[in-house]
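**Q** Below are the structure tokens for one structure; questions will follow.
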Ligand SMILES: [Zn+2]
């Protein structure tokens, strides 16, 4: 019986948590180049984060795709309806 050196993994996890915490900003290009580079470097060096990052990227892309990019403003939609009514 003994510790299996899990404390080392915790240190790694902390770095990963910090990297993943900024992934959203990274994906939205909200980070300065130096911070974005730091995350890119960590993701390429860390297999665990790379997996997580790919999941995050996939989820973000799914969210972006599910949202209509060009939403017609309510005023424009109303105007189109009015046009249809007056054309009769
Ligand atoms: Zn990591």
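In full-length UniProt numbering, the protein residues as written are 1 to 88. We put the CB at the ideal spot given by N, CA and C, even for glycine.
Using the Cα positions of residue 52 and residue 32, report the straight-line distance between them to the nearest angstrom.
**A** Spanning the two alpha carbons is a distance of roughly 22 Å.
**Q** When a residue counts only if its C-beta is closer than 6 Å to some heavy atom of ligand 1, which residues count, in chain order?
**A** Counting every residue whose Cβ lies closer than 6 Å to a heavy atom of ligand 1, we get 15, 16, 19, 42, 46, 48 and 49.
**Q** What's the gap between the Cα of residue 66 and the Cα of residue 80?
**A** Taking the straight line joining both Cα atoms gives about 25 Å.
**Q** Using the C-alpha atoms, what's the distance from residue 24 back to residue 64?
**A** Taking the straight line joining both Cα atoms gives about 13 Å.
**Q** Can the beta-carbon of residue 43 be found less than 8 Å from the beta-carbon of residue 19?
**A** Yes, Cβ-Cβ distance for residue 43 and residue 19 is below 8 Å.
**Q** Could you give the first and the last residue of the continuous alpha helix (DSSP H) run that contains residue 61?
**A** Per DSSP, residue 61 belongs to the alpha helix (DSSP H) from 47 to 66.
**Q** When DSSP labels each residue in this structure, what does residue 31 get in the three-state scheme?
**A** Coil, per DSSP.
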